[in-house]
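In our numbering, the protein residues as written are 65 to 228. What follows is a short report on a single structure.
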């Protein structure tokens, strides 16, 4: 299994270029309530100035299909990150709208004792990858709060570390 690195919360061209120079495979632009929130116009000014080899991911919380599709098209994004409990119906509609060439990432918020519930999300065939994150009462992600990685690894992916 190879490591794929996405630097999230990008707010400027300089930040995006620094992430690319540091070896990031992708940069993330937040389209949700956050101190790092970006607009479609701001992201559209950055994306064309980045290497084609770097993925450009829009991060969304509780967003409608239309909002995500408009941002992908308007900014030239290569994918979306669903940082919320999106129903399979939404991921299926999003896949149909975006096509197979765009990446759909899903974030799961790991909680001790909820590995089976979380692992069920991995079965959504419309999702290309899952990111495991922690959350707090004040923030849905990017908190820096560490969870028990070993428990998550064995509970979510079995003893081998691969997808179930």
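No residue lacks a Cβ here, since even glycine has one placed at the ideal position from N, Cα and C. The structure displayed is predicted, hence computed values, not measured ones.
Spell out whether any CB of chain C is found under 8 angstroms from the CB atom of residue i.
i	result
residue 79	The structure shown has no chain C; it contains just one protein chain.
Determine the burial state of residue i: buried for a count of at least 16 other Cβ atoms within 10 Å of its Cβ, exposed for fewer.
i	result
residue 169	buried
residue 149	exposed
residue 146	buried
residue 165	exposed
residue 127	buried
residue 116	exposed
residue 86	exposed
residue 134	exposed
Quick check on residue i: does DSSP put it in helix, strand or coil?
i	result
residue 73	coil
residue 132	helix
residue 138	helix
residue 82	helix
residue 149	coil
residue 154	helix
residue 100	coil
residue 193	strand
residue 114	coil
residue 144	strand
residue 125	coil
residue 169	strand
residue 160	helix
residue 88	coil
In its own chain, which residues sit with a C-beta less than 8 angstroms from the C-beta of residue i, not counting the 5 before and 5 after it?
i	result
residue 112	140
residue 131	95 and 124
residue 190	152, 155, 156, 158, 159 and 168
residue 109	77
Which residues in the same chain as residue i place their Cβ atom closer than 7 angstroms to its Cβ, once the five residues preceding and following it in sequence are excluded?
i	result
residue 129	154, 157, 158 and 161
Please say whether residue j and residue i have beta carbons closer to each other than 8 angstroms?
i	j	result
residue 144	residue 163	no
residue 100	residue 73	yes
residue 96	residue 136	no
residue 119	residue 80	no
residue 102	residue 142	no
For residue i, which residues from the same chain have a beta carbon less than 6 angstroms from its beta carbon, with the 5 sequence-adjacent residues on both sides left out?
i	result
residue 224	For residue 224, the predicted structure reports a pLDDT of 42, less than 50, and the residue's modelled location is therefore unreliable. A value from the coordinates is still provided. The answer is none, since no qualifying residue turns up.
residue 88	69 and 71
residue 214	none
residue 83	71 and 91
residue 192	167 and 168
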